[in-house]
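For reference, the structure discussed in these notes is given below.
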Amino acid sequence: MSTQSLESKYTEEQYSEVDQYQPATRTGRIANYVDTRVGGTGMVREFGRKVFPDHWTFMFGEVALYSFVITVISGAFLTFWFDPSMASTRYDGSYVPLQGVEMSTAYSTALQLSFDVRGGLFMRQLHHWGALMFVMAMAIHMLRVFFTGAFRKPRELNWVVGCTLLLAGLGAGFTGYSLPDEVLSGNGLRIIDGMLKAIPMVGTYISFFLFGGEFPGDEVIPRLYSLHIFIIPAVILILIAVHLFMVVTHKHTQYPGPGRTERNVVGYPIGPVYAAKAGGFFFVVFGVLALLAGTFQINALWNYGPYDPSPVQAGTQPDWYIGWFDGLLRLMPGYIGDIPLEFVIPTPWGGNSVATPVLVTFLPITALLLGLFVWPWIEAWITGDKKEHHILDRPRNAPGRTAFGMAMMIWYFVMWAAASSDLIATHFSLSFNDVLIWLRVLFFAGPILTFIITKRICLALQRKDREIVLHGNEAGVIEMLPHGEFREKHTRVSDYELYTLVAYESPEVTPARPNAKGKVGLLEKSRVRLNRTFFEDRVAPVSREEYIEALSHDDHGTPAELPAGSVGAIESRKS
Amino acid sequence: MGEHGNGGPNSGAVIKAGEGRSSGYAIDNPGLPPHRPRLSDADEKAAKRAERQVSALFLISIIGTVMFFVGYFAVGVTAGDLQMLRLQNTLLGLGVAFAMLGIGLGVVQWARALMPDHEVIEDRKPLRKEADRAEAAQTINEIVDETQIKRRPLLRNTLIGAALLAPLPAVIVFRDLDRSEDFGPERMRHTMWEEGVRLVRDPTGTPIRASDLTVGSAVHAIPETLREVSGHGDRLAEKAKAVVLLIRMNPDDFEPVTPGREDWKYEGIIACSKVCTHVGCPVALYERHTHHLLCPCHQSTFDAAEEFKVIFGPAGRPLPQLPITVDDEGFLIARSDFTEPVGPTYWERG
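Read top to bottom, the protein sequences are chains W and U. In case it helps, the working numbering puts the first sequence at residues 104 to 678. In case it helps, the working numbering puts the second sequence at residues 1378 to 1727.
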């Protein structure tokens, strides 16, 4: 083995500099103390002036993050009083209607928290509103990312982290919803139990293991509590860290516009502007949630009574993000005509039952959730686009994706609305059966119609953009020409506005590519078919030739109406 | 508009993915628009006004915090007084809301009106440099070489074997999540009902005389023996299977009976499991005119006249019927257990 050289990459001065520096101020001394121990200089250099693009749609991720923080803080407060035990007790708190009623300790401490701990009710409501806001902000954030194409390379993995966060958020929400052990959440658990039991082969056992025996038993609440306050929040925290780390690695995306390119980031530096705005925004989110918690009652659990398998209220609703699971359960019929969909597979040991009406509901759930996770790869496969993207798409400029996304949203909303089918019927004095039948029709027809309509709207908006580019904006001034013709004046937009309208990618249909054997496989054929639905009806962006042509034909936009800067630019381009 | 064409599929520009480096577009990237000064940039009075606005918002925050103290201390412990609780909750909520919104809106306004609003351009770094990649690849190769794992397959294979088995205890250890003595799906076939068990009202536990029920009435019933079950959890689990709905109808309204069920009713009184065959919610709504039962969770509708056949909704089976009769004293009793498992369908049900 060769001897290693003792020569260092760094000079002796670089090492001794650290000790020689004498800070002048008191703050400087503290900063230097920390810096010489953990090395903060590098962080400040890297992040102090890091640039973040600013746009109102970039705010939803922040709302989600802040709602989560507020939910964790208020949740920690609740844990000091709430006892998740299912041991039986007799309520002796200050809420008169339930005094003397036998209930679980979980329910009685949830009541104690609401009535006998000052600020307890406020914190409970803050926690619940925070959780609703957390999931809602995540969902809207994901829609923003989807419709602007921000999930494309290099951000596919961060999209997957985001999808996992959404699922974890749903898990956190449902486990929390079930903790107070009153009639409402108990029936929610009852439904989960019924869905678990429908799973072939393992379902019955999963239910036994979750409930520690037959439903409801006296084990499930403490188990959900462990999941709710320890395991799921830990997962969420880790994923948030990974998510944000990747945001820093990739730098933020930005909307197309003057000065923006695929190679730069335009925005405000973290210090001071972005830090102030984002930091201030935390307090705004906190304030809004506090306002909701203080003025809008949520989950008045003292009205429901302790869980008992016999009573149930009509018109109960799950928390909004669970709605679509519940709606699906309602949409699926148990019989078609007089033919039951449930059946028994005959076996020597007495047959196995297939709960088709419940099992079928797992299909759209799986399709939607799985589709969410793999969409970046599906789209890249359809479009054949393997390039990096940092400039976002305006939704209209990706009509195929926008239409598909809207179709899926409507599909989701039909399932979600179905969870309130009974309330829709009672509020609008409709037949419940009719409401459900129409929702079933919409379940199939809604996404298709939405796809077609959305695509047409996108194309129309693109044509409108073309008209503005080639023709200018309507000035709202009607002029009469010498020969008597009336005409509306148009004013040309500035180059800065123009650039936003013309700077987008617009691929054509990519024809089928034969494989190595010179054949076009089935997979390739379906790719091309999807590629067609995406790109066939395209409205092309204005080309340079068209634009120069339009300018030369410009008989009612005199050069005097052009913004000062752009005339020169266009003249030089013509030559 | 006509002379320009409408951008049909075969006109205009085709800009393929990743080529959009400005050169393909109708005009070149004009660069950042010139900065427009805000009022507060140009006019010191406007800047002063913004300063006062921000301070006012911070003052509102202080008032909010004071309001919280008022709600907490002045209203005090409400001890069951719902009016006072509502007042306290509102004061606490508004207090925190003002405290937080004051700071938040103040800081945001500060950033918007007074901090510089010049947009800054920063270059994106390439995600990796080729030289770094090559170096990293070499490092990994060296590490793999040094472990000798490629040269010694025995090491690799035994390690894979061990690594596959080692996580199994982490799964197995959860076996005792259900440590019931009668573990398994067989227990779901039985409820507390058996011959001679009285039907009593839920939750009072009073026995029911057939003559107490008028035509059109419905009663929620449980087995009299339920109260003998010790343990809150066990009692709830038994109740979750045994809850029954008793209905008295006009005997003429019943459709013809399935053979073998002729003596399951007593006069016009018929009993069914209250646990929905869909996913298990209590089927608690009874409409006397149509003799339909409705599950409020997913709206499965059952017809009591036709042995609880499903007439609408997602349920896949009729509600199980409980055979009943009366004892010597005229109280309603069960003739036997349910003849099929109650509640949602499960794989082993058969």
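Cβ atoms here follow ideal geometry from the backbone N, Cα and C, with glycine treated the same way.
Say whether chain U places a C-beta atom closer than 8 Å to the C-beta of W:Glu115.
Looking up residue 115 of chain W in the first sequence gives position 12. No - not a single Cβ of chain U is within 8 Å of the one on W:Glu115.
Excluding the 5 residues flanking W:Asp429 on each side, which residues of the same chain have their C-beta closer than 6 Å to its C-beta?
For the purposes of this step, residue 429 of chain W is taken as residue 326 along the first sequence, with counting starting at 1. Excluding positions up to five away in sequence, the list reads Pro421, Ala522.
Quick check on DSSP: helix, strand or coil for U:Leu1504?
Within the second sequence, numbered from 1, the residue matching residue 1504 of chain U stands at position 127. Of the three classes helix, strand and coil, the one that applies to U:Leu1504 here is coil, per DSSP.
Within 8 Å (strictly less), CB to CB, does W:Val204 reach chain U?
For the purposes of this step, residue 204 of chain W is taken as residue 101 along the first sequence, with counting starting at 1. Not an interface residue.
Suppose the cutoff is 7 Å on Cβ atoms and the five residues either side in sequence are ignored; what does the same chain contact list for W:Val368 look like?
The count along the first sequence starts at 1 and reaches residue 368 of chain W at position 265. Excluding residues within five positions, the ones whose Cβ falls inside 7 Å are Val154, Pro156, Lys354, His355, Gln357.
Buried versus exposed, by CB contacts within 10 Å (16 or more), W:Asp411:
Stepping through the first sequence from its first residue, residue 411 of chain W is reached at position 308. Result: buried.
How big is the Cα-Cα spacing for W:Phe589 and U:Gly1483?
Residue mapping note: residue 589 of chain W aligns to position 486 of the first sequence, counting from 1. Residue mapping note: residue 1483 of chain U aligns to position 106 of the second sequence, counting from 1. Near 52 Å, if we compare the C-alpha coordinates of U:Gly1483 and W:Phe589.
How about U:Asp1555: is its C-beta nearer than 8 Å to some C-beta of chain W?
Taking the second sequence and counting its residues from 1, one reaches residue 1555 of chain U at position 178. So yes, U:Asp1555 belongs to the interface.
Of all the CB atoms in chain W, is at least one closer than 8 Å to the CB of U:Trp1570?
For the purposes of this step, residue 1570 of chain U is taken as the residue at position 193 of the second sequence. No, no contact with chain W.
Of the choices W:Ser456, W:Ala393, W:Asp441, whose alpha-carbon is the least far from that of U:Pro1721?
The count along the second sequence starts at 1 and reaches residue 1721 of chain U at position 344. In terms of CA proximity to U:Pro1721, W:Ser456 leads the group W:Ser456, W:Ala393, W:Asp441.
Contact list for W:Pro187 against chain U, beta-carbon separation under 7 Å
In the first sequence, the residue the question calls residue 187 of chain W occupies position 84. Those within 7 Å of W:Pro187 in chain U number zero; the least Cβ separation is about 14 Å.
For W:Tyr410, which of helix, strand or coil comes out of DSSP?
Locating residue 410 of chain W in the first sequence gives position 307, where the first residue counts as 1. Note: W:Tyr410 maps to coil in three-state DSSP.
Identify the residues that DSSP records as bridge partners of U:Leu1699: which are they?
By one-based count along the second sequence, residue 1699 of chain U stands at place 322. In the DSSP assignment, the residues bridged to U:Leu1699 are U:Ala1648.
Measuring only the C-alpha atoms, how far is W:Ile324 from W:Gly279?
To locate residue 324 of chain W, count along the first sequence from 1; it is residue 221. To locate residue 279 of chain W, count along the first sequence from 1; it is residue 176. One C-alpha to the other measures close to 10 Å.
So, with DSSP's three-state summary, where would you put U:Leu1409?
In the second sequence, counting from the first residue as 1, residue 1409 of chain U sits at position 32. The answer is coil: DSSP assigns U:Leu1409 none of H, G, I, E or B.
Is the shortest distance between the beta-carbon of W:Glu445 and the beta-carbons of chain U less than 8 Å?
The residue labelled residue 445 of chain W in the question sits at position 342 within the first sequence. Closer than 8 Å: yes.
Which same chain residues, not among the five before or five after W:Gly503, have their C-beta less than 6 Å away from its C-beta?
Counted from its first residue, the first sequence places residue 503 of chain W at position 400. These residues qualify, in order along the chain: Phe637.
Spell out whether any CB of chain U is found under 8 Å from the CB atom of W:Asn135.
Stepping through the first sequence from its first residue, residue 135 of chain W is reached at position 32. No, no contact with chain U.
Assigned exposure category for W:Asn406 - 16 Cβ within 10 Å defines buried
Position 303 of the first sequence, counted from the first residue, corresponds to residue 406 of chain W. By the neighbour-count rule (16 or more Cβ atoms within 10 Å), W:Asn406 is not buried but exposed.
Relative to the C-alpha of U:Arg1556, which candidate in W:Glu591, W:Thr459, W:Leu313 has its C-alpha closest?
As a working mapping, residue 1556 of chain U is identified with position 179 in the second sequence. Of the candidates W:Glu591, W:Thr459, W:Leu313, the one whose C-alpha sits nearest the C-alpha of U:Arg1556 is W:Leu313.
Which listed residue (U:Phe1475, U:Lys1425, U:Gly1408, U:Arg1575) has its alpha carbon closest to that of U:Pro1700
Your numbering for residue 1700 of chain U matches position 323 in the second sequence. Residue U:Arg1575 is the option with its Cα nearest to U:Pro1700.
Assuming U:His1609 and W:Asp321 form a contact by the criterion Cβ under 8 Å, report the distance between their Cβ atoms to the nearest whole angstrom.
In the second sequence, residue 1609 of chain U corresponds to position 232, counting from 1. In the first sequence, residue 321 of chain W corresponds to position 218, counting from 1. The Cβ separation is near 6 Å, so the contact holds.
Expressed to the nearest angstrom, what Euclidean distance is found between the alpha-carbon atoms of W:Pro283 and U:Phe1689?
On the first sequence, position 180 is the one that residue 283 of chain W refers to. On the second sequence, position 312 is the one that residue 1689 of chain U refers to. So the two alpha carbons sit approximately 32 Å from each other.
What are the start and end residues of each continuous alpha helix (DSSP H) run of 4 or more residues lying completely inside the region 275 to 310 of chain W, in chain order?
Taking only runs of at least 4 residues, the alpha helix (DSSP H) segments lying wholly in the region 275 to 310 of chain W are 286 to 301.
Tell me the DSSP secondary structure of W:Val572 in three-state form.
As a first step, residue 572 of chain W must be located in the first sequence, where it is residue number 469. DSSP places W:Val572 in helix when its eight states are reduced to three.
At a Cβ threshold of 8 Å, is W:Asn500 touching chain U?
Translated into the one-based positions of the first sequence, residue 500 of chain W becomes position 397. Chain U, which has no Cβ nearer than 8 Å to the Cβ of W:Asn500, makes this no.
With 16 as the cutoff for other CB atoms within 10 Å, does U:Val1719 come out buried or exposed?
Position 342 of the second sequence, counted from the start, is the residue given in the question as residue 1719 of chain U. Looking at its Cβ environment, which holds 16 or more other Cβ atoms inside 10 Å, U:Val1719 is buried.
Classify W:Tyr118 as buried or exposed, calling it buried when 16 or more other Cβ atoms lie within 10 Å of its own Cβ.
Taking the first sequence and counting its residues from 1, one reaches residue 118 of chain W at position 15. By the neighbour-count rule (16 or more Cβ atoms within 10 Å), W:Tyr118 is not buried but exposed.
Mind pulling the chain U residues with CB within less than 7 Å of W:Phe225?
Numbered from 1 along the first sequence, position 122 holds the residue referred to as residue 225 of chain W. Going along chain U in sequence order, the residues near W:Phe225 (Cβ under 7 Å) are Asn1466, Leu1469, Gly1470.
Contact criterion: CB-CB distance below 8 Å. Does U:Ile1517 meet it with respect to chain W?
Reading the second sequence from its first residue, position 140 is the one you call residue 1517 of chain U. False, the Cβ-Cβ gap to chain W never drops below 8 Å.
Taking the straight line between their C-alpha atoms, what separation do you get for U:Phe1708 and U:Leu1590?
Within the second sequence, the letter at position 331 stands for residue 1708 of chain U. Within the second sequence, the letter at position 213 stands for residue 1590 of chain U. If you take the alpha carbons of U:Phe1708 and U:Leu1590, they lie about 11 Å apart.
Near-chain U residues of the region 302 to 336 of chain W - C-beta to any C-beta below 7 Å:
With the criterion set as a beta carbon lying under 7 Å from some beta carbon of chain U, the members of the region 302 to 336 of chain W are Pro303, Met304, Gly306, Thr307, Phe311, Phe312, Gly315, Gly316, Glu317, Phe318, Pro319, Gly320, Asp321, in sequence order.
What are the boundary residues of the beta strand (DSSP E) that U:Asp1494 is part of?
Position 117 of the second sequence holds residue 1494 of chain U. In the DSSP assignment, U:Asp1494 falls outside any beta strand (DSSP E), carrying neither H nor E.
If the cut is a Cβ gap below 8 Å, which residues of chain W does U:Asp1579 touch?
Mapped onto the second sequence, residue 1579 of chain U falls at position 202. Ordered by position in chain W, the residues that pass the 8 Å Cβ test against U:Asp1579 are Ser413.
Buried or exposed for U:Ala1534, please, with buried defined as at least 16 other CB atoms from any protein chain shown within 10 angstroms of its CB.
Residue numbering aside, residue 1534 of chain U sits at position 157 when the second sequence is read from its first letter. As written in the sequence, residue 1534 of chain U is Asn, which differs from the Ala given in the question. With fewer than 16 other Cβ atoms within 10 Å, it is exposed.
Taking only the alpha-carbon atoms, compute the straight-line gap between W:Gln416 and U:Ala1661 and give it to the nearest angstrom.
Reading the first sequence from its first residue, position 313 is the one you call residue 416 of chain W. Reading the second sequence from its first residue, position 284 is the one you call residue 1661 of chain U. A direct Cα-to-Cα measurement between W:Gln416 and U:Ala1661 gives close to 8 Å.
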